[in-house]
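Position in the first sequence counted from 1, then plus 88, gives you the numbering used here.
Just so you know, even glycine gets a beta-carbon here, dropped at the ideal spot from N, CA and C.
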Amino acid sequence: MENKEKESLNWIERDIIESRARGQKIITRFPPEPNGFPHIGHASAAIVNFGFATKYDGYLNLRMDDTNPEKEDMKYVDAMVDAMEWLGIKYKNLFFASDYYEQLYDMAVGLVKKGLAYVDFQTAEQISATRGTLTTAGQDSPYRNTTPAENLKLLADMRAGKFPDGHCVLRAKIDMASGNVPMRDPVMYRIMREKHYRTGDKWCIYPMYDFAHCLSDAIEGISHSCCSLEFDNNRPLYDWYVEHAWTGKGRPRQFEFSRLNIEQTVMSKRYLKRFVDEGTVEGWDDPRMPTIGGMRRRGYPASAIIEFVRAMGLSRAPRTVPLNALEFYVRTHLDPVATRVAVVFDPIKIVITNYETGKTEKLPIANNPHDETAGTHEINFGREIYIDGEDFSVNPEKGWKRLSPGGTVRLRGAYIIKCDRVVTDKSGKITHLECSYYKDSKSGNDKSGIKPNGTIHFVESTTGVPITVNEYLPLLHSGTALAEENINKESKITHNAIAEPFIKTIKHGHPCQFVRKGFFALDKDTTFIKTVGLREGK
RNA sequence: AGGGGCGUCGCCAAGCGGUAAGGCAUCAGACUUUGACUCUGACAUGCGGUGGUUCAAAUCCAUCCGCCCCUGCCA
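This is the structure:
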């Protein structure tokens with residue numbers, strides 16, 4: 089019996105299957121503009137395009153849509169390439185729209201020759217004013233009927249640098265009365281003497297996205313150009329350029345789907361840049377950032393991000409998924425491989441009154457309870473230890489499974505202890521707890537017969553090491569509505585905690601710690617980051 | 001004189017005329033050296049509303065309501 093899992097196909101995929109049945113090679117592309125560091129949105133688009141390509145025996149191209157020299161930089165393409173490698177997204181070619189400038193220009197010339205493009209000397213303001221509004225048609229430019237021969241010369245002059253920046257533009261001659269605004273004689277080329285990070289000063293005219301993108305797809309033989317829904321309005325233009333300017337083989341087609349928004353996650357490049365510029369975060373790969381670099385330092389496995397994106401699927405409906413949806417996959421992927429280490433964030437001191445003063449002992453504990461092959465490490469136990477504040481309650485609710493006055497609890501990997509006395513200072517604040525331990529309850533060799541309330545983790549006081557804890561930016565987690573005034577707010581919270589020395593030996597490749605109900609990730613500088621969906625205890 | 005898109009469980013999402021998949025979240029239980037993990041069970045007489053067509057409608061038609069995108073020489 090074949091266990092055929094019910095598989096759902098979205099509309100894009102159905103088209104891909106039909107195309108393939110007609111003998112078409114499936115070629116997709118992920119086309120970021122190298123103007124910022126890659127974030128989860130980029131990953132999502134890349135994963136989707138990569139997924140189609142690999143599933144249907146095709147391939148993916150990584151193409152830098154670098155048609156605006158004002159914002160682009162090589163460091164962003166490096167970051168993108170890096171992110172793709174980390175995510176395991178394999179592309180056949182790394183292409184640049186800027187490599188097509190000459191071909192693109194030739195196609196523009198072709199359009200001029202056909203009388204389908206003209207040089208417009210109106211100012212930007214005039215062009216904007218005559219484009220009409222959403223409910224009224226635009227007006228034809230006075231330059232709209234210049235002859236092809238004259239336009240040819242003018243376009244050559246534009247390229248040759250005979251006009252100052254912004255003096256004129258090349259426009260496609262389509263329909264100033266179209267209900268679809270992008271079709272109202274869109275600009276194809278603008279003059280800007282901006283040094284391009286790859287072509288330098290070679291060009292003083294640069295193609296617009298709409299013109300360059302579809303034709304770059306055509307040049308690369310892209311079969312399915314999948315992008316986000318905001319380009320829906322541009323599809324008729326995409327098709328128009330391909331139909332009139334492309335003379336080669338193949339007809340790329342664009343498919344749109346909605347972006348994947350994540351709750352409490354600021355994706356706006358503008359805000360993220362501001363966090364970096366103003367020092368609110370350490371940089372683009374600060375663990376609090378929703379960038380690929382940030383998630384990587386936070387300890388998210390690439391496989392979790394990929395599975396998350398695939399699980400969310402594709403649709404055209406606006407969607408925002410809760411952060412815990414992502415974290416579910418992170419947890420799932422981390423659980424079998426993450427090394428468990430105890431970390432105490434809000435220390436409460438415990439004195440084990442019947443434990444010998446000055447003595448410490450080392451106890452072995454599994455690196456990962458699910459995986460024996462992961463080995464063990466040693467933890468220290470002694471007379472003074474710290475437990476987490478949330479693991480102790482003076483007035484425990486019914487069913488409390490941690491420590492409380494008079495209660496017993498197992499110290500994970502060590503002994504069972506009983507809380508004998510809560511010691512407070514004059515103000516009533518707890519200074520420490522006095523507990524006694526059961527000598528014969530040692531982990532792995534428990535002869536005490538005691539059934540403790542629950543199990544909690546701890547850190548021995550003399551061997552524990554302080555670490556820094558960066559809480560998430562409240563800004564990044566306070567909701568999708570981000571008030572600008574809050575951006576300057578000092579929101580980075582650091583405080584000392586105690587952790588086992590063992591953390592220092594953890595390699596960057598295995599950055600995750602397990603504490604109670606969630607994971608903590610460790611970045612390069614052995615800074616702990618509270619992350620990955622700590623669940624609330626009951 | 002507007003054009004385009006979208007509305008199926010709290011959140012994603014299948015479904016494409018034959019009687020509402022799945023995942024997250026949640027709840028209940030089992031297990032447990034962390035209340036985690038794992039496992040078991042529960043969870044839309046309902047598909048934005050209203051009419052219609054049909055033996056049969058989330059699926060077709062009409063109409064209404066709501067939300068999103070488009071007036072860069074950005075992508």
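Please work out which residues of its chain come closer than 7 Å, Cβ to Cβ, to residue i, disregarding the five sequence neighbours upstream and downstream, and give them in chain order.
i      : result
Gly382 : Asp373, Asp374, Pro375, Arg376
Asp289 : Lys283
Asn322 : Pro270, Asp298
Gly567 : Its pLDDT being 20, under 50, Gly567 is placed unreliably in this model, and the value from its coordinates should be taken loosely. If we look at Gly567 and ignore the five residues flanking it on each side, its Cβ neighbours are Gln352.
Glu106 : none
Asp479 : Arg490, Leu491, Ile544
Thr464 : Pro452, Ile453, Ala454, Asn455
Glu522 : Val439, Thr441, Asp508, Arg509, Val511
For residue i, which residues of its own chain have a beta-carbon under 8 Å away from its beta-carbon, when the five flanking residues on both sides are left out?
i      : result
Ala109 : none
Met355 : His127, Ile128, Gly129, Asn349, Pro378
Ala300 : Asp153, Thr155, Ala185, Tyr188, Leu192
Lys530 : Leu451, Ala502, Tyr503
Tyr417 : Ala392, Ile393, Glu395, Phe396, Ala399
Asp528 : Asp534, Lys535, Ser536
If you compare alpha carbons, which of the options is closest to residue i?
i      : options                        : result
Pro236 : Trp99, Pro230, Leu199, Ile128  : Leu199
Met264 : Thr335, Arg490, Ser536, Ile215 : Ile215
Leu182 : Thr408, Pro120, Val418         : Pro120
Val275 : Tyr285, Gly254, Gly532         : Gly254
Ser629 : Leu521, Val497, Val547         : This structure cannot speak to residue 629, because the chain is shown only from 89 to 626.
Leu258 : Val197, Asp305, Ala225, Gly220 : Val197
Phe138 : Gly124, Phe118, Arg151, Phe125 : Phe118
Gly338 : Gly111, Ile100, Glu101         : Gly111
Arg386 : Val409, Ala426, Ala405, Ser132 : Ala426
Cys302 : Ile504, Tyr326, Gly516         : Tyr326
Arg404 : Asn149, Cys314, Ala333         : Cys314
Thr287 : Pro157, Gly367, Met296, Arg358 : Pro157
Pro252 : Ala212, Phe125, Ile279         : Ile279
Arg347 : Thr461, Thr116, Leu240, Ala134 : Ala134
Asn123 : Lys357, Arg384, Asn456, Asn412 : Lys357
Phe343 : Val364, Phe363, Asp320         : Asp320
Ile262 : Lys486, Cys292, Gln227, Asp245 : Gln227
Thr420 : Pro389, Gly446, Ser132         : Pro389
Which partner residues of residue i appear in the DSSP bridge assignment?
i      : result
Ile115 : Tyr147
Met152 : Phe184
Ser316 : Phe345
Lys437 : Tyr474, His520
Leu258 : Val207, Tyr277
Glu466 : Pro452
Thr543 : Arg498
Thr379 : His127
Tyr525 : Ile505
Ile667 : What the structure shows of the chain is the stretch from 89 to 626, and residue 667 is not part of that stretch, so it cannot be assessed.
Ile293 : Ile279
Gly288 : His284
Phe480 : Leu491
Could you check where the beta strand (DSSP E) with residue i kicks off and where it finishes?
i      : result
Val512 : Note that residue 512 corresponds to Thr in the displayed sequence, not to Val. Here the beta strand (DSSP E) through Thr512 covers 504-512.
Tyr474 : 472-476
Tyr297 : Premise fails: Tyr297 lies in the alpha helix (DSSP H), 297-308, not in any beta strand (DSSP E).
Val409 : 407-409
Val497 : 496-499
Phe546 : 546-548
Contact check, residue i vs residue j under 8 Å by CB: the rounded distance?
i      : j      : result
Tyr525 : Ile440 : 5 Å
Phe345 : Ser391 : About 22 Å separates the two Cβ atoms, so there is no contact after all.
Ala148 : Tyr179 : Correcting the residue identity first, residue 148 is Leu in this sequence and not Ala. With 8 Å as the limit, Leu148 and Tyr179 qualify as a contact, their Cβ atoms being about 5 Å apart.
Lys506 : Glu472 : Not really, about 16 Å apart at Cβ, beyond 8 Å.
Asp144 : Ile100 : The question names Asp, yet the displayed sequence has Tyr at residue 144. With a Cβ gap of about 11 Å, Tyr144 and Ile100 do not count as contacting.
Tyr294 : Asp161 : With 8 Å as the limit, Tyr294 and Asp161 do not qualify as a contact, their Cβ atoms being about 15 Å apart.
Asp508 : Gly477 : Incorrect: roughly 19 Å between the Cβ atoms, too far for contact.
Between residue i and the rest of its own chain, which residues show a CB-CB distance below 6 Å, the 5 nearest in sequence each way excluded?
i      : result
Asn98  : Leu402
Ser96  : none
Thr593 : Residue confidence is low: Thr593 scores 28 on pLDDT, short of 50, so the model does not pin down where it sits. No coordinate-derived value is stated.
Gly542 : Lys489, Arg490, Val497
Ala306 : Val330, Trp334, Pro340
Could you check where the alpha helix (DSSP H) with residue i kicks off and where it finishes?
i      : result
Arg108 : 99-109
Val200 : 189-201
Ile177 : Note, Ile177: premise wrong, no alpha helix (DSSP H); not H, not E.
Tyr359 : 357-365
Gln227 : Counting along the chain, Gln227 falls outside any alpha helix (DSSP H), and DSSP gives it neither H nor E.
Ser216 : 212-217
Arg398 : 390-400
Tyr231 : Element bounds for Tyr231: n/a, residue is neither H nor E.
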